[in-house]
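Data block below; observations after.
Number of protein chains: 2
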Amino acid sequence: MVGGMQIRTPACGPGRPGRPRSAAADTAILAATREALVELGWSKLTLGDVATRAGVAKTTLYRRWAGKNELVVDAVAELFGELELPDRGSLAADIEGVVLQFAAILARPEAKSGLMAAVAESTRDDALRERIRASIVDPQKDLVLEGRARAQARGELPAETDPAEAARTVDLIFDVVAGAVVHRTLVSAEPADEEWVRGFTRVLLQGLSPASAAPGPSDSPGTSDHSPGPSGD
Amino acid sequence: MVGGMQIRTPACGPGRPGRPRSAAADTAILAATREALVELGWSKLTLGDVATRAGVAKTTLYRRWAGKNELVVDAVAELFGELELPDRGSLAADIEGVVLQFAAILARPEAKSGLMAAVAESTRDDALRERIRASIVDPQKDLVLEGRARAQARGELPAETDPAEAARTVDLIFDVVAGAVVHRTLVSAEPADEEWVRGFTRVLLQGLSPASAAPGPSDSPGTSDHSPGPSGD
DNA sequence: CCATTACGCTACGACTCGTATCGAAAGCTC
DNA sequence: GAGCTTTCGATACGAGTCGTAGCGTAATGG
Chain A
1 MVGGMQIRTP
11 ACGPGRPGRP
21 RSAAADTAIL
31 AATREALVEL
41 GWSKLTLGDV
51 ATRAGVAKTT
61 LYRRWAGKNE
71 LVVDAVAELF
81 GELELPDRGS
91 LAADIEGVVL
101 QFAAILARPE
111 AKSGLMAAVA
121 ESTRDDALRE
131 RIRASIVDPQ
141 KDLVLEGRAR
151 AQARGELPAE
161 TDPAEAARTV
171 DLIFDVVAGA
181 VVHRTLVSAE
191 PADEEWVRGF
201 TRVLLQGLSP
211 ASAAPGPSDS
221 PGTSDHSPGP
231 SGD
Chain B
1 MVGGMQIRTP
11 ACGPGRPGRP
21 RSAAADTAIL
31 AATREALVEL
41 GWSKLTLGDV
51 ATRAGVAKTT
61 LYRRWAGKNE
71 LVVDAVAELF
81 GELELPDRGS
91 LAADIEGVVL
101 QFAAILARPE
111 AKSGLMAAVA
121 ESTRDDALRE
131 RIRASIVDPQ
141 KDLVLEGRAR
151 AQARGELPAE
161 TDPAEAARTV
171 DLIFDVVAGA
181 VVHRTLVSAE
191 PADEEWVRGF
201 TRVLLQGLSP
211 ASAAPGPSDS
221 PGTSDHSPGP
231 SGD
């Protein structure tokens, strides 16, 4: 998936003559990129350094990626490819599970520095934003869609009548969930641990309405039934 | 390690001999920084270019700021200094008002590129993160505190019993609000306009639970329901 | 007047960038 | 295997930026 997005499409046909590109070089380069992100961060990361770490020539890097932005996006996208949405039995539990996964990935230094810098650059580069969307954002949004479908099947959420309104709602929920975790991790610089995720899920499901403002933190968190359902996982 | 030292306090004493620093140079430099952010973005912004735009020497820049990161943070912080929280009569209307202001600032290209890049760099620079927190984040969080106090005075929110729990809630709400707007603007790259803000406010106040959101739990999930209060101006 | 500090200007070495070039290696077609 | 095509590694190169140093000048306080 990641290795297919290069500057051009030089060696994608099966019956193409010539020496094929080394697949091992791709994985080595992306791994070296993440390693350099951890040690140096975005601003001090240089393509020459990545090439040395990966054991390839600098020219090989420029044959496959247009620049630092694209390389880092591909390197970070592999991290978020691990995201899944195991069925935990309730909407609240599903949200808590996937948010904790997302937070765990975002807690890694290569994800923090690389993703945010790429997003910052994407504000002035439409192609880069499209690459981020296709390889990172859209797969995450699919998880929101899946979670909503499950909740509707359980009867926790009503079936939508207007598809356009439903699409807007999914986009809204996605921005709220992903944005809150990112802001908590990067701006507030505090961990999105289980306690935080529980509070966030309660707000997301019940809002700030006075009925949900339970004063006692010692009792069961929230009135939601997020009991650990023994689902076939 | 990148640029941690603060070199901005050489001339703070009143009875200090020597030529004082030009206050006009400060404003010119910060304005030139924002102008360069609009035209070039963060990655292509150079301090030499900023100095030329501001009409000062490059050495003057280095006497006042440790590097590009600190300069951009100060330049962007002035944008968010415009944020206010006018009393609109209800919690929902207050939220909508301040979120729209925040979205309007974040829609400006200098804020997008500069703020996100600075946040990305702050993941590896504690002093930079502290500067962002003090000059940008904390003032925003004060608005959340003010909004909560108003809502409590109106009876829309209950008075907190546990101050520690109340502080956690404020932090949570702040991450949710700011994170959602940032994610909507930068990652989804779609405008946080009035329609979106209305939907967001509804989710924030009432959550996704159909029991508390919609009067009719079966058919219409309150999609055409408008927010309470005079929010349409 | 004199000490002190800020300013503008120029110049400098060090570094990174992205490209060009070359010979060698690896695969496909015949 | 012969021949062609493409990739790979290594090196070199001009261009651009960085951050600092040096120097003379301007502005303020004692």
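Those protein sequence lines, which keep their order, are chains A and B. Residue numbers for the first sequence, in the UniProt record's numbering: 1 to 233. Residue numbers for the second sequence, in the UniProt record's numbering: 1 to 233. Quick reminder that beta carbons are idealized off the backbone N, C-alpha and C, glycines included. These numbers were taken from a predicted model, which means no experiment stands behind them.
List, in order along the chain, the chain A residues whose C-beta lies closer than 9 Å to that of residue i?
i: R120 (chain B); result: Residue identity differs from the one stated: residue 120 (chain B) is Ala in this sequence, not Arg. Correct list: G41, W42, S43, K112, S113, G114, L115, M116, A117, A118, V119, A120 and L186.
i: R124 (chain B); result: L40, G41, W42, S43, K44, P109, K112 and S113
Might you give, ordered along the chain, the residues of its own chain that have their beta carbon closer than 8 Å to the beta carbon of residue i, omitting 5 neighbours on each side?
i: Q101 (chain B); result: E82, L83 and E84
i: A28 (chain B); result: A54, G55 and V56
i: L79 (chain B); result: R34, I105, R108, E110 and A111
i: G179 (chain A); result: none
i: D49 (chain B); result: A36 and L40
i: E156 (chain A); result: S90 and L91
i: A19 (chain A); result: The sequence as given places Arg at residue 19 (chain A); Ala does not occur at that position. Hits under 8 Å: none found.
i: residue 234 (chain A); result: For chain A, the structure presents residues 1 to 233; residue 234 (chain A) sits outside this window and is missing.
i: R154 (chain B); result: S90 and L91
i: E121 (chain A); result: N69 and L128
i: T201 (chain B); result: A92, I95, E96, V99 and S227
i: D176 (chain A); result: A small fix is needed here, since residue 176 (chain A) is Val in this sequence, not Asp. For V176 (chain A), where only same-chain residues beyond five positions count, the Cβ hits under 8 Å are L204.
Please list, in chain order, all residues of the same chain as residue i whose beta carbon is under 6 Å from its beta carbon, the five residues on each side excluded.
i: S212 (chain A); result: Confidence at S212 (chain A) is low in this model, with a pLDDT of 46, below 50, so the placement of that residue should be treated as unreliable; the coordinate-derived value is given next. Counting only Cβ-Cβ distances below 6 Å, and skipping sequence neighbours, we find Q206.
i: E130 (chain A); result: none
i: R16 (chain A); result: none
i: I136 (chain B); result: A77 and F80
i: W65 (chain A); result: L71
i: L61 (chain A); result: L47 and A51
i: E160 (chain B); result: A166
What do you reckon, is the C-beta of residue i under 7 Å from a heavy atom of the ligand PLP?
i: R16 (chain B); result: The model on display carries no ligand, and the ligand PLP is accordingly not part of it.
Got a sec? Which residues, its chain only, sit under 7 Å from residue i by beta carbon, not counting five neighbours each side?
i: R53 (chain A); result: A32, E35 and A36
i: R184 (chain A); result: E190, A192 and W196
i: G114 (chain A); result: L37, W42, V72, A75 and V76
i: V181 (chain A); result: V99, F102, A103, L106 and A192
i: S220 (chain A); result: Note on S220 (chain A): pLDDT 42, under 50, position unreliable in the model; no value is reported.
i: M116 (chain B); result: L186
For residue i, go through chain A and note every residue whose CB falls closer than 7 Å to its CB, in chain order.
i: L106 (chain B); result: Result: empty, since nearest Cβ-Cβ is about 10 Å, beyond 7 Å.
i: A103 (chain B); result: Within 7 Å Cβ-Cβ: nothing; A103 (chain B) doesn't reach chain A, min ~12 Å.
i: A189 (chain B); result: R129
Mind listing the chain B neighbours of residue i? Cutoff is C-beta to C-beta under 9 Å, in chain order.
i: G207 (chain A); result: R202, V203, L204, L205, Q206, G207, L208, S209, S212 and A213
i: W196 (chain A); result: R168, D171, L172 and D175
What residues of chain A sit near residue i, judged by a beta carbon separation below 8 Å?
i: L79 (chain B); result: Here the premise fails: no neighbours, minimum Cβ distance about 15 Å.
i: G199 (chain B); result: R168, T169 and L172
Which bits of chain B does residue i rub up against, with CB to CB less than 7 Å?
i: V182 (chain A); result: G179 and H183
In chain B, what lies closer than 8 Å to residue i by C-beta?
i: V137 (chain A); result: V187 and S188
What residue ranges within the region 31 to 66 of chain B form continuous alpha helix (DSSP H) runs of no fewer than 4 residues, ordered along the chain? Taken in chain order, the whole alpha helix (DSSP H) runs of length 4 or more contained in the region 31 to 66 of chain B are 47 to 54 and 58 to 64.
Which runs of the alpha helix (DSSP H) at least 4 residues long sit entirely within the region 157 to 206 of chain A? Give them in chain order. Runs found: 163 to 182 and 194 to 206.
Check whether the region 168 to 178 of chain B and the region 106 to 113 of chain A touch, using three or more Cβ-Cβ pairs below 8 Å as the test. Judged by Cβ distances under 8 Å, the region 168 to 178 of chain B makes no contact with the region 106 to 113 of chain A, as fewer than three pairs qualify.
Under 8 Å: do the region 142 to 149 of chain B and the region 143 to 150 of chain A share three or more Cβ pairs, one atom per stretch? Note that the region 142 to 149 of chain B does not touch the region 143 to 150 of chain A; fewer than 3 beta-carbon pairs, one per stretch, sit closer than 8 Å.
Report the start-end ranges of each alpha helix (DSSP H) in the region 83 to 114 of chain A that is 4 residues or longer and not cut off at the edges. You should have 91 to 106.
For the region 111 to 153 of chain B, list the beta strand (DSSP E) runs that are entirely contained and at least 3 residues long, ordered along the chain. Entirely contained in the region 111 to 153 of chain B, not one beta strand (DSSP E) run reaches 3 residues.
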